[in-house]
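Taken in order, these protein sequences are the chains called A and B. Position 93, counted from 1, in the first sequence is what my numbering calls 93; the numbers after and before it change by one each time, with no gaps. Position 13, counted from 1, in the second sequence is what my numbering calls 13; the numbers after and before it change by one each time, with no gaps. Before any comments, here is the structure.
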Amino acid sequence: KAGVTQTPRYLIKTRGQQVTLSCSPISGHRSVSWYQQTPGQGLQFLFEYFSETQRNKGNFPGRFSGRQFSNSRSEMNVSTLELGDSALYLCASRLAEFFEQFFGPGTRLTVL
Amino acid sequence: ILNVEQSPQSLHVQEGDSTNFTCSFPSSNFYALHWYRWETAKSPEALFVMTLNGDEKKKGRISATLNTKEGYSYLYIKGSQPEDSATYLCASLVYSGGGADGLTFGKGTHLIIQP
């Protein structure tokens, strides 16, 4: 069974630009969560989508948004990029609420 | 405790020794506690998902216990091997309103096994 895939793996953008990251979950998993990892803050929850609906949202500004498609693939968008958005963005999928999450390899975003 | 806290932050252990570390989490509205292992240049990998007070789980040389009343979990590694070197993350899932919130992760315990 294929794992969680994320594209692109690396991205360099400049301040003020916007970016879209993509995540394909494990087949059959309808829940996709997004996390931001920075050296000082650790892994922080951005949002979770389940069956095309945002189920939970972390404490991030409205510049961070996402969506999920009918095939469970998810995209995350960050508008008006700031230097502090430089981070590793991980997505994870799971089968149901009490199950473990399976993480993708991440997208490393650098904002210059 | 409002956040998930892990201690120690880092740990150096001799190969063959056993070790353990702690995760403290909010005990109110508890839903589940996750443990993950994150090796350098890889994705976090799930070790355990624990839901019941008194739960004990084991996978090979690694085991974990859970106390939901006081809000802590211990992870034990018996007979540490170099391949156990990684960052170990715990994450708390709490219940609010219609279901569980997103996972709140601790900052991890960075374990280095010295040959």
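Just so you know, even glycine gets a beta-carbon here, dropped at the ideal spot from N, CA and C.
Rounded to whole angstroms, what's the CA-CA distance from residue i to residue j? Just pull it up for me.
{"i": "V49(B)", "j": "A32(B)", "result": "7 Å"}
{"i": "T104(B)", "j": "G104(A)", "result": "18 Å"}
{"i": "T65(B)", "j": "V94(B)", "result": "18 Å"}
{"i": "I1(B)", "j": "C23(B)", "result": "Residue placement at I1(B) is poorly supported in this model, since its pLDDT is 49, which falls under 50; the coordinates still yield a value, given next. About 11 Å."}
{"i": "L11(A)", "j": "Y89(A)", "result": "11 Å"}
Could you confirm whether any beta carbon from chain A is found closer than 9 Å to the beta carbon of residue i?
{"i": "I1(B)", "result": "Legend: pLDDT at I1(B) = 49, less than 50; position of this residue unreliable, no value from coordinates given."}
{"i": "G54(B)", "result": "no"}
{"i": "K42(B)", "result": "yes"}
{"i": "A64(B)", "result": "no"}
Can you check whether the C-beta of residue i is within less than 9 Å of a C-beta belonging to chain B?
{"i": "L11(A)", "result": "no"}
Report yes if the CB atom of residue i is closer than 9 Å to the CB atom of residue j, and no otherwise.
{"i": "F64(A)", "j": "N56(A)", "result": "no"}
{"i": "R30(A)", "j": "V111(A)", "result": "no"}
{"i": "A91(B)", "j": "H34(B)", "result": "yes"}
{"i": "E163(B)", "j": "Q81(B)", "result": "The first residue shown for chain B is 1 and the last is 115, placing residue 163(B) beyond what the model contains."}
{"i": "C23(A)", "j": "S70(A)", "result": "no"}
{"i": "F50(A)", "j": "F60(A)", "result": "no"}
What is the residue span of the beta strand (DSSP E) that residue i lies within?
{"i": "T7(A)", "result": "5 to 7"}
{"i": "L46(A)", "result": "42 to 50"}
{"i": "I77(B)", "result": "72 to 77"}
{"i": "Q6(B)", "result": "5 to 7"}
Going by Cα to Cα distance, which pick from the options is closest to residue i?
{"i": "S79(A)", "options": "A2(A), Q18(A), R9(A), S72(A)", "result": "Q18(A)"}
{"i": "F99(A)", "options": "G58(A), V32(A), L88(A)", "result": "V32(A)"}
{"i": "D55(B)", "options": "P26(B), K69(B), I77(B)", "result": "K69(B)"}
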